[in-house]
Amino acid sequence: MESPVMKRLNLTLAGLLALAAQPLLVDTAEAEAEAAGADEVREYLVTMARPNQLHVIDPEAREIVRSCDVEGDFGSGTLQLSPDERTAYVLHNRWEDVVGIDLTNCEEVFRARQSTGDVRAKALASLAVSPDGSRLYTVQDRVRLHRDRYEVLAPQLAVYDTAAGLDAEPIATFPAPRQVTTMAAAEDGALYLAGADIYRVDPETGDTEVAIANRHWERPGFSPPDSLAMWSTGEVAGEFLRPYTVAADPGEANEAWHWGISRVDLASGETENKEIAPFEFIIFSMVSDPRDRDTFYGVYTQLSKLDAETREIVEVIDLDHTYYVINTSYDGSRIYLGGASSDIAIYDDDFNDLGRIELPGDMSTATLKVARF
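Below you can see the structure in the form of structure tokens.
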């Protein structure tokens, strides 16, 4: 049987052990909180800027997280992300190379030099990545260099293995339609190429069909559509989108012109052409609100909001300079404007100005992507 003295000693020892354990418990809780924060998925903006830098930007802090030097001259700045959104593929070096950059550490993990020998190949803005991330696609516009002339060659769809490293060569090529600019890969693996029409291509066989007729549509009373297709930014809403302008028969002259969209749902493969609002000002690029497929935002010298259901311009504000490309956050609460100059503008969905992010060089025709990792 314990004596009163031993009992007091045991109680004292137990108390000391409990006090000693408290910092360990606090440290463990802090470590768990830090680990949870490290695992938290954040949204970043990704874009190219002159002279040759790929920027990863925190839109909440409004600061550049890292800037990656990309070897070679500036190209179109067209970007596509890998499915895990940790690798950015960019059309670079005067539109001739495709370079893959790890966004977490700036390591170059892929490079394909499209020009070989006496054949010069450039891709305007045609770049896509397969849904499993294993394949990369470009449409190459090619010429053969002679002493006294350029020989125009047929364009081709080139397929690359993204695991091929820094000297990647096509694992397959197929004939491609002319005048293709942007492209996207759907969840079922099909490719959509935006040219005179929007084409659906099987990347395994090269089989091509018209998915959405534009130049060759049969719509009595409508003019042929006119479209500027340079930026592919529909991933946030899960779509491939190309705006167009069109004149429709009748009415008054000032009511005859409309903004319309050609759209592919990248999950279901559903396609549509439809008019969404009056044509009253120029728009360079357009995205839909990820919360409402009938609400669209457009940008050039103005930022605009269009309602496709009512075919009305809901709101428009003037900007201090032109912006070429637009995107939104995944929750639709933020609108991002980039391209053209050297600043990214941020607005909320009520068009309140939330500030600017300054870059060291101008973005020109670069894509503005939203990455989550």
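Counted the way mature numbering (1 follows the signal peptide of the UniProt record, and there is no 0) counts, the sequence shown spans residues -26 to -1, 1 to 347.
Glycine residues also receive a C-beta, built at the ideal position from the N, C-alpha and C atoms.
Beta-carbon proximity list for A7, same chain, < 7 Å, skipping 5 on both sides:
The residue labelled residue 7 in the question sits at position 33 within the sequence shown. Residue confidence is low: A7 scores 40 on pLDDT, short of 50, so the model does not pin down where it sits. No coordinate-derived value is stated.
Rounded straight-line distance, which links the Cα of L202 to that of A5: Position 31 of the sequence shown, counted from the first residue, corresponds to residue 5. Position 228 of the sequence shown, counted from the first residue, corresponds to residue 202. Only weak support is given to the placement of A5: the predicted model assigns it a pLDDT of 47, under 50, and the value that follows is read from those uncertain coordinates. Rounded to whole angstroms, A5 and L202 show a C-alpha spacing of 51 Å.
Inset, instruction - Go ahead and label N26 buried or exposed: buried means 16 or more other beta carbons lie within 10 angstroms of its beta carbon, across all protein chains shown. - result: Along the sequence shown, one-based indexing puts residue 26 at 52. Classification of N26: buried, given that the 10 Å Cβ count is 16 or more.
Original post:
Is the CB-CB distance between L309 and Y321 below 8 Å?
Top reply: In the sequence shown, the residue the question calls residue 309 occupies position 335. In the sequence shown, the residue the question calls residue 321 occupies position 347. For the record, residue 309 in the displayed sequence is Ile; it is not Leu. Taking 8 Å as the Cβ cut-off, I309 and Y321 qualify as a contacting pair.
Where the beta strand (DSSP E) through M260 begins and ends:
As a position in the sequence shown, residue 260 is number 286, starting the count at 1. Looking at the DSSP string, the run of the beta strand (DSSP E) that includes M260 is 259 to 263.
- Message: For C80 and A221, I'd like the C-alpha separation in whole angstroms.
- Response: Numbered from 1 along the sequence shown, position 106 holds the residue referred to as residue 80. Numbered from 1 along the sequence shown, position 247 holds the residue referred to as residue 221. If you take the alpha carbons of C80 and A221, they lie about 47 Å apart.
Checking 8 Å against the spacing of the C-beta atoms, do L240 and E178 come in under that value?
Taking the first residue of the sequence shown as 1, we reach residue 240 at position 266. Taking the first residue of the sequence shown as 1, we reach residue 178 at position 204. Cβ distance not < 8 Å, so L240 and E178 don't count as in contact.
Residues near L(-14) by beta carbon distance below 7 Å, same chain, minus five either side = Counted from its first residue, the sequence shown places residue -14 at position 13. Caution is warranted here: a pLDDT of 45 is assigned to L(-14), below 50, making its placement in the model unreliable, and the coordinate value is therefore given only provisionally. So no residue of the chain qualifies.
- Query: Quick one: is A132 buried, meaning 16 or more other Cβ sit within 10 Å of its Cβ, or exposed?
  - Reply: Here residue 132 refers to the residue found at position 158 when the sequence shown is read from its first residue. Note on A132: 16 or more other CB atoms within 10 angstroms of its CB, so buried under the neighbour-count rule.
Return yes when the Cβ of R87 is within less than 8 Å of the Cβ of D71, no when it is not.
-> To locate residue 71, count along the sequence shown from 1; it is residue 97. To locate residue 87, count along the sequence shown from 1; it is residue 113. Contact check for D71 against R87 passes: the beta carbons are separated by less than 8 Å.
Could you say which of L53, N326, Y18, A170 lies nearest to D200 if we only look at CA atoms? As a first step, residue 200 must be located in the sequence shown, where it is residue number 226. Here the closest residue by C-alpha is A170.
Between which two residues does the beta strand (DSSP E) holding Y304 run?
The residue you call residue 304 lines up with position 330 of the sequence shown. Taken as a continuous stretch (DSSP letters only), Y304 belongs to no beta strand (DSSP E), as it is neither H nor E.
**Q.** Of the residues L215, A345, K248, V113, the one placed nearest G272, counting alpha carbons only
**A.** The residue labelled residue 272 in the question sits at position 298 within the sequence shown. The option with the nearest alpha carbon to G272 is L215.
So which of D281, P144, D317 has the shortest CA-CA distance to P33?
-> For the purposes of this step, residue 33 is taken as the residue at position 59 of the sequence shown. It is D317 whose Cα lies nearest to the Cα of P33.
Distance, Cα to Cα, D327 vs G335? If you number the sequence shown from 1, residue 327 lands on position 353. If you number the sequence shown from 1, residue 335 lands on position 361. If you take the alpha carbons of D327 and G335, they lie about 22 Å apart.
Margin query: For H66 and A314, I'd like the C-alpha separation in whole angstroms.
Written below: Counting from 1 along the sequence shown, the entry for residue 66 is found at position 92. Counting from 1 along the sequence shown, the entry for residue 314 is found at position 340. Whole-angstrom Cα-Cα distance: 17 Å.
### Message
I believe D47 touches T61 by the beta-carbon criterion, under 8 Å. Please report the beta-carbon distance rounded to the nearest angstrom.
### Response
As a first step, residue 47 is located in the sequence shown; it is residue number 73 there, counting from the start. As a first step, residue 61 is located in the sequence shown; it is residue number 87 there, counting from the start. Not really, about 21 Å apart at Cβ, beyond 8 Å.
* Asked: Taking DSSP as the reference, what is the three-state secondary structure of A211?
  -> What you label residue 211 is simply residue 237 of the sequence shown in a count that begins at 1. The answer is helix: DSSP assigns A211 an H, G or I state.
Among the residues of its own chain, which have a CB less than 6 Å from the CB of I291, if the five just before and after it don't count? By 1-based counting over the sequence shown, the position of residue 291 is 317. Contacts found: L277, F325.
#### Entry: Boundaries of the beta strand (DSSP E) in which N247 is found, first to last residue
Counting from one through the sequence shown, the residue named residue 247 turns up at place 273. Segment 245 to 252, the beta strand (DSSP E) holding N247.
Item to complete: Measure the alpha-carbon distance for Q130 versus E14 and round it to whole angstroms.
Response: In the sequence shown, residue 130 corresponds to position 156, counting from 1. In the sequence shown, residue 14 corresponds to position 40, counting from 1. Cα-Cα distance, rounded: 41 Å.
- Query: How long is the line joining the alpha carbons of W191 and S236, rounded to whole angstroms?
  - Reply: Locating residue 191 in the sequence shown gives position 217, where the first residue counts as 1. Locating residue 236 in the sequence shown gives position 262, where the first residue counts as 1. Going by the C-alpha atoms only, they are around 12 Å apart.
Q.
For a test of the three-state rule: what should DSSP assign to L140, helix, strand or coil?
A. The residue given as residue 140 occupies position 166 in the sequence shown. The answer is helix: DSSP assigns L140 an H, G or I state.
* Report the three-state DSSP secondary structure of E59 (helix, strand or coil). => Start at 1 with the first residue of the sequence shown, and residue 59 comes out as number 85. Reduced to three states, the DSSP call for E59 is coil.
Where does the unbroken beta strand (DSSP E) through S278 begin, and where does it stop? Within the sequence shown, residue 278 is the residue found at index 304, counting from 1. Looking at the DSSP string, the run of the beta strand (DSSP E) that includes S278 is 276 to 281.
CB contact flag (I31, I331, <8 Å):
Here residue 31 is taken as the residue at index 57 of the sequence shown, counted from 1. Here residue 331 is taken as the residue at index 357 of the sequence shown, counted from 1. Yes, the Cβ-Cβ distance between I31 and I331 is below 8 Å.
Q) Do R94 and L53 have their C-beta atoms closer together than 8 Å? A) Numbered from its first residue, the sequence shown carries residue 94 at position 120. Numbered from its first residue, the sequence shown carries residue 53 at position 79. No, Cβ-Cβ distance for R94 and L53 is not below 8 Å.
(request) Compute every distance between the C-beta of A35 and the non-hydrogen atoms of the ligand ATP, then say whether any falls below 7 Å. (result) For the structure depicted, the ligand ATP is absent and the ligand set is empty, with no information on it obtainable.
Subject >> Residue burial classification, G91 (beta-carbon count within 10 angstroms, cutoff 16) >> reply: Position 117 of the sequence shown holds residue 91. Exposed: under 16 other Cβ atoms inside 10 Å.
- Query: For V126, does the count of other Cβ atoms within 10 angstroms reach 16, so buried, or fall short, so exposed?
  - Reply: In the sequence shown, counting from the first residue as 1, residue 126 sits at position 152. V126 should be labelled exposed.
Note down, in chain order, each residue of its chain lying with its Cβ closer than 6 Å to the Cβ of A10, except the 5 sequence neighbours on either side. Taking the first residue of the sequence shown as 1, we reach residue 10 at position 36. In this prediction, A10 has a pLDDT of 46, which is less than 50 and means its spatial position is unreliable; what the coordinates show is noted afterwards. Taken in chain order, the list of residues that qualify is empty.
Under three-state DSSP, which class holds E183?
-> Taking the sequence shown and counting its residues from 1, one reaches residue 183 at position 209. E183: strand per DSSP, three-state reduction.
task: Leaving aside the five residues before and after G208 along the sequence, list all residues of the same chain whose C-beta is less than 6 Å from its C-beta, in chain order.
output: In the sequence shown, the residue the question calls residue 208 occupies position 234. Within the same chain, G208 has close Cβ partners F214, L215.
Open item on the list: Helix, strand or coil, according to DSSP, for E332 in the structure here?
Closed with: Translated into positions along the sequence shown, residue 332 becomes position 358. Correct three-state label for E332: strand.
Terminal residues of the continuous beta strand (DSSP E) containing D43?
-> As a position in the sequence shown, residue 43 is number 69, starting the count at 1. Here the beta strand (DSSP E) through D43 covers 37 to 43.
- Whose CA, out of P151, R193, A319, W233, lies closest to the CA of F270? Sequence index remark: in the sequence shown, residue 270 carries index 296 (1-based). Closest by alpha carbon: W233.
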